[in-house]
Structure formats: C-alpha cells, structure tokens
Amino acid sequence: MEQETPFDGGGPVIVAIDGPAGSGKSTLARRLAAHFGLGLLDTGLLYRAVAKKLLDAGIDPADEDAATAAAERLAPADLDPACLRGEATGNGASVVAAMPAVRTALLPVQRRLGAEGRGSVVVGRDIGTAIFPDTPCKFFITASIEARARRRHKELLNRGETPIYARVLDELKARDRRDEARSVAPMRVAEDAVVVDTSELDIDQAFGTIRSLMDERLRMSA
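The opening position of the sequence shown corresponds to residue 112 in the numbering used here, with each subsequent residue numbered one higher.
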C-alpha cells in the first residue's frame with residue numbers, strides 16, 4: 112500500500128540503498144519502493160546488461176573498450192531482469208563495474224532514471240557516495256560473508272541450479288574485493304548513511320527496521 116511521505120508535492124525522492132552482493136538490499140528496495148509509492152532502479156542491472164552483451168558476443172568482460180561501447184549502446188530492452196540472471200553475468204558485471212569509462216557512460220543514465228516521477232529507491236554499490244550523494248535518505252545494507260553466501264546458495268538452488276557452497280563463498284569474496292578496490296566510486300559506506308546489518312534478520316524484520324529508519328529520515332528532512 113502506498114504511503115504518503117513528507118516530500119509529497121516537492122521534488123523527486125531518492126532513497127539510496129548500497130551494499131554488497133547477497134546482503135538482501137534488492138529485496139528490501141522492492142518492498143520500500145512499493146510501500147512509499149516510489150519507482151525502483153536497480154543499477155546493477157545496467158552493469159549486468161553490459162556484461163551480458165559482451166558474453167553473448169563471446170567477448171571477455173575485461174575488454175574495457177568493448178565494455179564501454181556496450182554501455183553507450185544500452186537500450187531499455189536490455190534491462191529485463193529475467194534475462195540478466197546467472198553467476199557468469201553477475202561476475203562479469205563486477206568486472207565491468209570497475210572500469211572508469213563504463214561508469215562514466217552510465218552515470219547520467221542512472222541519475223536520469225532515478226529522478227523520474229516522484230523519485231525512486233535506487234540500489235547499487237555507490238548510490239549514496241557517487242550517484243546521488245546529496246540525498247538525505249542513505250542506507251548501507253550489509254551482512255556477514257557467510258550469511259550472504261548461504262542466501263546466494265539457497266537462491267541458486269531454488270532456481271534449479273547445483274551450486275557448490277564453497278565456490279559461492281569464494282565468488283562473493285572476489286566480488287567484494289573488486290567492488291571495494293576499484294579506482295572509481297568504490298563500494299564504501301557514505302559518511303551520513305545508516306548501516307543495517309541483516310545477518311540475523313529475516314526479510315520482514317529487515318524491512319520493518321529500514322521502514323522505521325526511512326520514516327525518521329523523511330521527517331527530519333521535511
């Protein structure tokens with residue numbers, strides 16, 4: 112059910128949701144967007160779409176020139192979440208996301224899409240630090256690496272895949288290293304972000320916690 116916010120009638124509301132893979136941020140963002148009547152922009156889909164274009168063409172995602180060209184040619188039809196799943200696409204997305212030229216190409220796209228309509232809940236790794244640094248509503252969703260690996264492993268099993276837990280754990284660690292070490296807009300906690308650890312929370316508990324924090328942030332910013 113849509114909930115009125117103190118920003119009704121003003122400019123677009125941007126809720127920045129950052130955090131590592133497997134933290135639950137995307138699921139939480141969907142629920143927050145529905146609750147507050149906002150759009151939803153998962154910026155990870157943009158990087159996944161770039162990676163998938165390369166993989167489908169038989170090109171190594173580490174090819175920065177090809178990745179930049181793919182980013183510049185992205186179309187709305189490329190952003191279907193159902194077509195962008197899979198570990199290979201996710202790992203490729205982490206590779207292309209570390210490329211400065213790719214991030215530069217996608218920056219205006221993210222800002223334009225996020226600010227459409229009443230605004231959006233925007234999910235990624237650098238939303239509160241680089242994409243929308245001025246929004247007062249910033250959250251960093253995290254969880255222990257073990258909790259994140261268990262969730263990812265379960266998700267893959269539910270899709271009918273046969274993942275090996277140790278491999279899932281290693282891939283998450285590698286993605287974290289790439290996201291934290293990249294030279295442009297590395298994943299980090301914004302100074303004014305609220306950190307929420309979901310290691311011991313189920314989705315309903317995590318949503319309730321963030322919804323309350325969001326209500327407080329909106330009141331403070333009204």
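The beta carbon of each residue, even a glycine, is placed where N, CA and C say it ideally should be.
- The alpha carbon of residue 200 has as its nearest neighbour, out of 212, 167 and 256, the alpha carbon of 167.
- The alpha carbon of residue 308 has as its nearest neighbour, out of 251, 300 and 272, the alpha carbon of 251.
- Of all alpha-carbon atoms in 221, 259 and 291, the one lying nearest the alpha-carbon of residue 276 is that of 259.
- Residue burial annotation: residue 321 is buried, with at least 16 other C-beta atoms found within 10 angstroms of its C-beta.
- Residue pairing by DSSP places residue 197 in no beta bridge whatsoever.
- Closest in C-alpha terms to residue 313, from the list 219, 215 and 138, comes 138.
- In the DSSP assignment, residue 225 is bridged to no other residue.
- Taken atom to atom, the span from the alpha-carbon of residue 231 to that of residue 274 is near 33 Å.
- By DSSP's assignment, residue 232 forms a beta bridge with 126 and 151.
- Cβ contact annotation for residue 204 (same chain, cutoff 6 Å, sequence separation greater than five): 158, 159 and 162, in chain order.
- Contact between residue 226 and residue 123 holds, with the beta-carbon distance rounding to 5 Å and staying under 8 Å.
- A direct Cα-Cα distance of roughly 10 Å separates residue 306 from residue 128.
- Take the alpha-carbon of residue 224 and the one of residue 152: they are about 7 Å apart.
- Three or more Cβ pairs drawn from the region 141-156 and the region 232-239 lie within less than 8 Å of each other, which places the two stretches in contact.
- Taking a 10 Å sphere around the C-beta of residue 134, we find 16 or more other C-beta atoms and assign the residue as buried.
- Residue environment analysis places residue 316 among the exposed positions, since fewer than 16 neighbouring C-beta atoms fall within 10 angstroms of its C-beta.
- Annotated as distal: residue 243 and residue 170, with beta-carbon spacing of 8 Å or more.
- About 20 Å separates the beta carbons of residue 293 and residue 180, which is beyond the 8 Å limit, so they are not a contact pair.
- The beta carbon of residue 192 lies closer than 7 Å to those of 156 in the same chain, with the five residues before and after it left out.
- Counting only the Cα atoms, residue 253 lies some 15 Å from residue 288.
- Between residue 184 and the set 207, 299, 216 and 290, the nearest pair of CA atoms involves 216.
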